[in-house]
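Residue numbers (the numbering used here), protein chains in the order written: chain A, 1 to 387; chain B, 1001 to 1485.
First comes the structure, then the notes that go with it.
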């Protein structure tokens, strides 16, 4: 049974639950109560989303509440000219008809008979019209009900959709906020360090290059000054790629197992830029001073800034290895002539400068190992600048 | 001292909460007193069918007398009466009919109590809601002690039980929440009572690896132990766990232990192992990241106590006041009230080892302080001593209403009555009886030593059928009369 050595007194379940609830609120943006969740859950959403699934019995109830309309049998009577004198008894009807002329001596019943006759016809037509109107109203009521019903359904559906969208929006907003915070946090904490397995290799290489440099200086002292110059026709980039220098190790693509640190890619890009306008190649072509003077005119302040940053970064990465690397950085990050940057120095038209045979016998000051070039290779090729 | 324990069912194979509780109490009190168990021949709590032989038998050296049940439960009639009593205004006669329908109706048991209760110092009745407790407590009169094992369900609001809660000599509650509810229902604050609960037979050296190997469980898992039933909150548990899986919130597998009467979702990370013996059960709990208790109603969760005893945290359903209260008081478990809370609490326990470890450690301490057997035994013995020092002459039960009174429909719906009682967990710390440094000295005169005594105290009756876990050395070496044993 596992036993934990923890500060058990510090645990407070209610506090933990508060924190968990706060986290839920933060994640969901809104903290629904149980009642609200039940209310939401009770909405049969799928029925509203699928109109064919609507099986409301409200319409049926409505029809039951309003049975099929039948026009009422309104009382009416036909009023004809003999209606006033009619009777079920035959003698009485005979006496009335007999005395009718005497009645007409007192007043004229004909207008009365005519008016009542018209009224009777009006009653019948009014009743018929009213029945038609009732039937139409009944039909309209049903139509209105159905329209209202559909409106309610649609409104409910829209309301639910709005709620869902709101929740999704809140969720996305919280996620976005979280991601932003995370990105900021990552940016603030990441400091590039070479991978652990790279460090010993780099240190070995540096040590090796120092030894080589020492050897070269000794050789220079002992040997005659004539020394074949490096072939300027070789592109600087290729040279750099073939060189085994700490700088080359730095710019070599990361091994698949080693993750590339943030900023490493851009640093590599800047190094390439710097390499194209490498001080060594420029020196071969025209001397350091001139090169520097030429480059001064085309100075690209952005690159210069980048280089400065780069050199600082390199300082940070390599620690206090040597100040020579810093100075090399500063030197090599200077702006370069356009033709240098694009390998124009290797053009056949410039064979005079590019042909090593035509090169001066004495080593150029530019290629002479200096403190700025701590890692000149033992081979005759020009060294790739290190940033 | 002679004690009679009256319970609706009794036996090694009976694993119901109250019944197991009664058996544990009987077996532990048997170290301090002469204990006899009176029960029925039923083993099924739904039908109360007479499946066991009436008469005497001994289970783990405890004499047991069984009495026949007069009739089985008619589920239709019981359901109809429950509807009336729980949801409508009704009469006391309706409630008595409901009680009769609920069972286990055993007039022979009640008659035996009437004849022999006077030979015992106390009769301890388990589960207030059954026939035997209602009629038995009235018959035993001043000797009746009740262990209500009451949950927050409508049965607690049935009005015929209030006089029982007021009339017994003492009440042994399982939790402060239970006491609060019953006191609100019956107004029985004057009746001596104590929150006791029950311990468990937890092995000291569970083997989680053995369980993993046997059942091919890989990776971290959360465990649920109990009947897989909707009433136990399992459906909600499945829904919540499905959400946990959908959100890919963690790597836990849900291991279910117990018989299922509910369809279990098919998912590779939901494993149902069926009913397991105690050894496997404890191995499973010991190896789990957490024990999940999804039940809505609990008087006391023994399995939660077992998890705490094994140092595992508990994730409980916050709808159950008792479980939530225990989690808060013990600082040994988290609780959830919604799906989101379930997922987050499970994640917290899974990924934050510090929290999980602290909760587990607190749980172990909580169990030792409140539910270890020496503590439980001392609480019972202290209560017996308190009652013995203040003897009561006659029965204090209120007389049963007359014929006319019983038929007046004046009783409110029971569910309504329960709903009106205060809710929420009790966060006040529980009374703690200090753990005895040495062997527990019973405060009451001990019963004469019997030839069986030595065997009884040395080890708890050996496991029969492999159901009982082996006892650890801690208790036997440090506490209880067993230490004297």
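Heads up, the beta-carbon is just placed ideally off N, CA and C, and yes, glycines get one too.
Checking the sheet assignment: what are the DSSP bridge partners for residue 1290 of chain B? B/1222
Residue 160 of chain A - containing beta strand (DSSP E), residue span: Run containing residue 160 of chain A: none in the beta strand (DSSP E); it sits in the alpha helix (DSSP H), 110 to 189.
Taking Cβ to Cβ, would you say residue 11 of chain A is nearer than 8 Å to residue 1352 of chain B? no
Amino acids of chain B, ordered along the chain, whose beta-carbon sits closer than 7 Å to that of residue 210 of chain A: By Cβ distance, chain B contributes nothing, its closest Cβ being about 49 Å from residue 210 of chain A, past 7 Å.
Who are the near neighbours of residue 107 of chain A in its chain, counting only those whose CB is closer than 6 Å to its CB and skipping five residues on each side? none
Any beta carbon of chain A sitting closer than 8 Å to that of residue 1358 of chain B? yes
Contact criterion: CB-CB distance below 8 Å. Does residue 1333 of chain B meet it with respect to chain A? yes
Using a Cβ-Cβ distance cut-off of 8 Å, determine whether residue 1015 of chain B contacts chain A. no
In chain order, which continuous runs of the alpha helix (DSSP H) of length 4 or greater are located wholly inside the region 1323 to 1366 of chain B? 1339 to 1351 and 1353 to 1366
Helix, strand or coil at residue 1010 of chain B [DSSP, three-state]: coil
Mind checking which residues open and close the alpha helix (DSSP H) that includes residue 1098 of chain B? 1092 to 1102
Any chain A beta carbon closer than 8 Å to residue 1362 of chain B: yes
Distance between residue 1080 of chain B and residue 1163 of chain B (C-alpha atoms, nearest Å): 24 Å
Suppose contacts are defined by Cβ-Cβ distances below 8 Å. Is residue 1365 of chain B in contact with residue 1175 of chain B by that definition? no
From residue 20 of chain A to residue 1345 of chain B, what does the alpha carbon distance come to, in whole angstroms? 7 Å
If we define contact as Cβ-Cβ less than 8 Å, is residue 23 of chain A a contact residue for chain B? yes
Quick check: the Cα distance between residue 1360 of chain B and residue 1230 of chain B, rounded to an integer number of angstroms? 28 Å
Using a C-beta cutoff of 8 Å, does residue 1320 of chain B count as contacting chain A? no
Name, please, each residue of chain A whose Cβ falls closer than 7 Å to the Cβ of residue 1345 of chain B. 20
Alpha-carbon to alpha-carbon, residue 1292 of chain B and residue 1323 of chain B: 11 Å
Return the bridge partner residues of residue 1257 of chain B from the DSSP annotation. B/1225 and B/1274
Specify whether the region 1026 to 1043 of chain B and the region 1147 to 1165 of chain B touch according to this definition: at least 3 beta carbon pairs, one from each stretch, less than 8 Å apart. no
Looking at the strands, I want to know which residues DSSP matches up with residue 1002 of chain B. B/1034
Let's see if you can read the secondary structure: which residues bound the beta strand (DSSP E) around residue 1058 of chain B? 1055 to 1059
Got a sec: is the Cβ-Cβ distance from residue 1003 of chain B to anything in chain A below 8 Å? no
Are the beta-carbon atoms belonging to residue 1294 of chain B and residue 1237 of chain B less than 8 Å from one another? yes
Which chain B residues sit within Cβ distance under 7 Å of residue 12 of chain A? 1331
Measuring straight from C-alpha to C-alpha, what distance separates residue 1211 of chain B and residue 1387 of chain B? 46 Å
Straight-line CA distance for residue 1252 of chain B to residue 1221 of chain B? 5 Å
How should residue 1248 of chain B be labelled, buried or exposed, when 16 other C-beta atoms within 10 angstroms of its C-beta is the threshold for buried? exposed
Can you name the residues of chain A whose CB is closer than 8 Å to the CB of residue 1348 of chain B? 16 and 20
Can you name the residues of chain A whose CB is closer than 8 Å to the CB of residue 1355 of chain B? 11 and 16
Alpha carbon to alpha carbon, how far is residue 1384 of chain B from residue 1146 of chain B? 12 Å
Thinking C-beta only, is residue 1356 of chain B closer than 8 Å to residue 1349 of chain B? yes
Inter-residue spacing [alpha-carbon to alpha-carbon] between residue 1100 of chain B and residue 1050 of chain B: 16 Å
Could you give the distance in angstroms between the alpha-carbon of residue 1061 of chain B and the alpha-carbon of residue 1250 of chain B? 48 Å
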